[in-house]
Amino acid sequence: MAKEILTTQNIILKQKPETKWEAIERVGGMLVNSGYVTPKYLDGMKEREEKFTTYIGNGIAIPHGVNEYKNEIMETGLVIVQYPDGVDFGKGNTAYIVIGIAGKGDEHLEILTKIALTVQDKGNVERLRFAETAQEILSIIEEGVM
Numbered sequence: 003m004a005k006e007i008l009t010t011q012n013i014i015l016k017q018k019p020e021t022k023w024e025a026i027e028r029v030g031g032m033l034v035n036s037g038y039v040t041p042k043y044l045d046g047m048k049e050r051e052e053k054f055t056t057y058i059g060n061g062i063a064i065p066h067g068v069n070e071y072k073n074e075i076m077e078t079g080l081v082i083v084q085y086p087d088g089v090d091f092g093k094g095n096t097a098y099i100v101i102g103i104a105g106k107g108d109e110h111l112e113i114l115t116k117i118a119l120t121v122q123d124k125g126n127v128e129r130l131r132f133a134e135t136a137q138e139i140l141s142i143i144e145e146g147v148m
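Numbering of the sequence shown is given in the working numbering, commencing with residue 3 and proceeding in unit increments.
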């Protein structure tokens, strides 16, 4: 793999509230700017959200593209935006952590598993929500389940 899947440069802290569409644009733009995907991948992310919410519960949303846009992924990558005040993902669902993902093959499954295990614990989500540094967020994810 040519790039790291998640780096501190791809974590934004203390982002002001915005709409879910702006949040999806933000993480999609970060994936593009980091060279993980082409700009067209954002269309796939929006299409996914229109079909089915990417809010997974416990204050976490994981926007990603529909399968038809897999060929727009150049490298596997993740980006994270922390919204301490939350983003309304509809139906009473508020995301405090929005994770943009582009997965090529199976490369992303290990880190996605770590994230899934981490965020099933509400205490970990609170730690992510109020983390002060990008390194702290990486460390919380690396620790996984407490």
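Every residue gets a Cβ at the ideal spot worked out from N, C-alpha and C, and that includes glycine.
C-beta atoms of residue i and residue j nearer than 7 Å
i                : j              : result
isoleucine 185   : isoleucine 101 : Examination of residue 185 is not possible in this model, given that the chain is present from 3 through 148 alone.
phenylalanine 91 : threonine 135  : no
arginine 129     : isoleucine 143 : no
alanine 104      : leucine 33     : yes
glycine 46       : tyrosine 71    : yes
isoleucine 62    : valine 121     : yes
lysine 124       : asparagine 60  : yes
glycine 67       : arginine 50    : yes
Candidates the options, of which the one nearest residue i by Cα
i            : options                      : result
isoleucine 1 : Glu49, Ile75, Glu144, Leu119 : A query on residue 1 cannot be resolved here, the shown segment of the chain reaching from 3 to 148 and no further.
threonine 96 : Phe132, Lys22, Ile26         : Lys22
glutamate 20 : Lys116, Gly88, Pro65, Ile7   : Gly88
glutamate 24 : Gly94, Glu112, Ile7, Pro65   : Pro65
Length of the line joining the Cα atoms of residue i and residue j
i              : j                 : result
leucine 114    : phenylalanine 132 : 21 Å
methionine 3   : threonine 9       : Bear in mind that the predicted position of methionine 3 carries a pLDDT of just 37, short of 50, making it unreliable; the figure below should be weighed with that in mind. The straight-line gap from Cα to Cα measures roughly 14 Å.
leucine 237    : glutamine 17      : No information on residue 237 is available, as it lies outside the stretch 3 to 148 that the chain covers here.
valine 127     : tyrosine 98       : 8 Å
glutamine 137  : glutamate 109     : 22 Å
methionine 148 : lysine 42         : Any answer about methionine 148 is weak, because its pLDDT of 39 lies below 50 and its placement is not dependable; what the coordinates show is given next. Straight-line Cα distance between these residues: approximately 38 Å.
lysine 116     : valine 83         : 17 Å
glycine 107    : isoleucine 75     : 10 Å
asparagine 69  : glutamate 112     : 19 Å
Cβ of residue i within 7 Å of any chain C Cβ
i           : result
arginine 28 : Absent from the structure is chain C; it holds one protein chain and no more.
Exercise for the section: Count the C-beta pairs between the segment 79 to 90 and the segment 22 to 38 that are closer than 8 Å, then say yes if the count reaches three, no if not. Expected result: yes
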